[in-house]
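For reference, the structure is listed below as structure tokens.
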Amino acid sequence: MKKILSMMLAALLFVSLTACSGGGTASTPTDSQPGSMPASDPGSGDPASQPASNEFNLPGHYDFGGKEILIKFQGNWYGFQTPGTSELGDMEIRWKAEVEQKYHCKIVKEDLVAGTAQESLVVRILSGEKVADIIGCGRMDVEKMRISGNLLTDLASDEIKNLGLDLTDPAWNARLTEAMTYNGRVYAVFPTKTEIQNCMFFNRDMLNALDLPDPYQYVKDGKKEWTYDKFIEYCKAATKNGNYGSGFDNDGLLTMFHNNGGMQLISKLPDGRMKYTGYSQKNVETISYLKEKLVLTNLVPPVGSDNYTMFKEGKLLFMTGPDSYLISETMWGSCDFEVGFLPLPIGPNGDDYSYYLCQWPPCMCISSTNEDPEMAVAFMNAYLAYEKVANPVRERIIRDDWFGNDPQGFEIYMMLKDKMYYDWAIYELGLLDVMYQPIQVFIYPEMSVQATMEGDAVRFENLVNDIYNKNYKP
Numbered sequence: 000m001k002k003i004l005s006m007m008l009a010a011l012l013f014v015s016l017t018a019c020s021g022g023g024t025a026s027t028p029t030d031s032q033p034g035s036m037p038a039s040d041p042g043s044g045d046p047a048s049q050p051a052s053n054e055f056n057l058p059g060h061y062d063f064g065g066k067e068i069l070i071k072f073q074g075n076w077y078g079f080q081t082p083g084t085s086e087l088g089d090m091e092i093r094w095k096a097e098v099e100q101k102y103h104c105k106i107v108k109e110d111l112v113a114g115t116a117q118e119s120l121v122v123r124i125l126s127g128e129k130v131a132d133i134i135g136c137g138r139m140d141v142e143k144m145r146i147s148g149n150l151l152t153d154l155a156s157d158e159i160k161n162l163g164l165d166l167t168d169p170a171w172n173a174r175l176t177e178a179m180t181y182n183g184r185v186y187a188v189f190p191t192k193t194e195i196q197n198c199m200f201f202n203r204d205m206l207n208a209l210d211l212p213d214p215y216q217y218v219k220d221g222k223k224e225w226t227y228d229k230f231i232e233y234c235k236a237a238t239k240n241g242n243y244g245s246g247f248d249n250d251g252l253l254t255m256f257h258n259n260g261g262m263q264l265i266s267k268l269p270d271g272r273m274k275y276t277g278y279s280q281k282n283v284e285t286i287s288y289l290k291e292k293l294v295l296t297n298l299v300p301p302v303g304s305d306n307y308t309m310f311k312e313g314k315l316l317f318m319t320g321p322d323s324y325l326i327s328e329t330m331w332g333s334c335d336f337e338v339g340f341l342p343l344p345i346g347p348n349g350d351d352y353s354y355y356l357c358q359w360p361p362c363m364c365i366s367s368t369n370e371d372p373e374m375a376v377a378f379m380n381a382y383l384a385y386e387k388v389a390n391p392v393r394e395r396i397i398r399d400d401w402f403g404n405d406p407q408g409f410e411i412y413m414m415l416k417d418k419m420y421y422d423w424a425i426y427e428l429g430l431l432d433v434m435y436q437p438i439q440v441f442i443y444p445e446m447s448v449q450a451t452m453e454g455d456a457v458r459f460e461n462l463v464n465d466i467y468n469k470n471y472k473p
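Quick note on numbering that gives the first Met the number 0: the sequence shown kicks off at 0 and runs consecutively.
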């Protein structure tokens, strides 16, 4: 689903820089691709569905008397995978069985259709419905419920703390928790999960043919020498005979801009209100510099090019995208050359690598109409326990199946995995223009960066206030 939605956004924006925001609320790439196992009998005797003795060290001592824990979410995870599909899928199936056995409950699912938060969540909660014990959704859905009138339970409240939810556990994604905190109220959480939504790939065969130095030397061992200027040098060397230096997807460009001092399109104020911060002299200078060095010197394909196909055909040295492209047969998994892995480069005002996360990150939240959230808290803590066991397995699968011939790439992957940043420019909330403008002024040679961004600033300020601040109560 996330790939379909990404391609739909790409078509809406432009052809040459295809949008690709990974990290949807469906099963992660590592749940469905690497570590595949032979098919097994899906019946009740399937070993994948049998709980091991305390395999996941589930916390708490609950007895829910056979009651159902209802989870509304999109995709096939939380133990609802088909047995035998993957190692992680079978692990999650065992986890579900162990939870049901230990807590004397039944975990059931109600489908959440992507992009329907307004109809399937907001309206139902406003009408007083509980909806589910747990809502497993994307960050965009959380924001819709939050700005529609604080329709979610504060997970930092004394009530939830007293039920045993410890938000200080390092297994939670602390950066996501911070992003979902407004004026001290926490609306959603999710465990840490190894998944990088925008990075830079390179054609190792082309690199060797051009006799260029191994770019890993600039990143490995914690080095931060993979810079704008170093990247531009490589692009210059590759641009000849119908080949080009680099293609970009939308999120890759936004990450690259962010890597020169932390560009945010929309920022959160201390009281939880939002402010448009995309237009600043620093941001204008960042985009203008890269445009001058890459677009105006023709180191990137012209507008209208299919960058993804060009990379697969060996006509681009670099291309950005989500980590799962490494093993996707429709993307780099079908390439007949070796693909390397890098972060987006750092600008002269930047101090670290990063990757951009917008609306896709998965979240767990509780509706404000859930008057008995004990089962929800039990489930959240149990899933946190699962991820503590699953993450080392996930990392081993990524190392062996994704980077089997590229140990240096895996080292860089592990370095980058915790360097996500969050923005509040979310196109599902009506902020597509805010997201698209920095990309638009970069790719179109005739468009002025300064004049365009300055001309739209007041309109974007009003748009952010209308969407985020109009009904907000600190």
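Backbone N, C-alpha and C fix where the C-beta goes; we use that ideal spot for every residue, glycine too. Predicted, not measured: the structure shown is a model, and the values here were computed from it.
Residues near residue i by beta carbon distance below 7 angstroms, same chain, minus five either side
i	result
Met262	Phe256, Asn282 and Thr285
Leu166	Leu154, Ala155, Thr176, Val185 and Val188
Gly408	Gly339, Phe340 and Phe402
Arg398	Phe409
Asp204	Phe336 and Glu337
Glu99	Lys105 and Ile106
Gln117	Lys143
Residue i versus residue j: straight-line alpha-carbon distance, rounded
i	j	result
Leu415	Gly65	43 angstroms
Arg93	Ser447	56 angstroms
Glu328	Ser304	21 angstroms
Lys239	Ala377	59 angstroms
Glu445	Gly260	26 angstroms
Gly148	Ile365	14 angstroms
Leu383	Glu460	38 angstroms
Leu295	Tyr421	30 angstroms
Phe336	Gly244	16 angstroms
Gly454	Gly251	25 angstroms
Leu253	Gly320	12 angstroms
Tyr385	Pro300	44 angstroms
Tyr217	Ile345	11 angstroms
Leu474	Tyr352	One cannot answer for residue 474 here, as it falls past the ends of the chain, which runs 0 to 473.
Asp220	Tyr412	12 angstroms
Ala173	Asp400	28 angstroms
Leu69	Ile159	18 angstroms
Ala236	Gly313	15 angstroms
Tyr275	Asn258	19 angstroms
Close Cβ partners of residue i (< 6 angstroms) along its chain, the five nearest in sequence each way excluded
i	result
Gln449	Val283
Glu476	In the structure displayed, the chain extends from 0 to 473; residue 476 sits before or after that span and is not available.
Leu264	Gly277, Asp422, Ala424 and Val433
Lys292	Ile231
Leu298	Cys234, Thr238 and Gly244
Residue environment, residue i, which counts as buried when at least 16 other CB atoms sit within 10 Å
i	result
Asp132	buried
Ser52	exposed
Ser333	exposed
Asn369	buried
Arg393	buried
Gln436	buried
Arg138	buried
Ala178	buried
Ser126	exposed
Asp140	buried
Helix, strand or coil at residue i according to DSSP, with G and I counted as helix
i	result
Met419	strand
Val338	strand
Arg184	strand
Val107	strand
Trp359	coil
Phe200	strand
Glu54	coil
Phe256	helix
Tyr307	helix
Trp331	helix
Glu67	strand
Trp171	strand
Pro190	strand
Sequence-distant residues of its chain with Cβ nearer than 8 angstroms to residue i (five each side left out)
i	result
Val440	Ile286, Lys290, Met446, Ser447, Val448, Thr451 and Met452
Glu91	Asp30, Trp76, Tyr77, Gly78, Gln80, Tyr385 and Ala389
Trp225	Pro214, Tyr217, Val218, Leu341, Pro342, Pro344, Ile345 and Tyr352
Lys472	Asn149
Taking 8 angstroms as the threshold, find out whether the stretch 89-104 comes into contact with the stretch 56-63 through three or more Cβ pairs. These segments touch.
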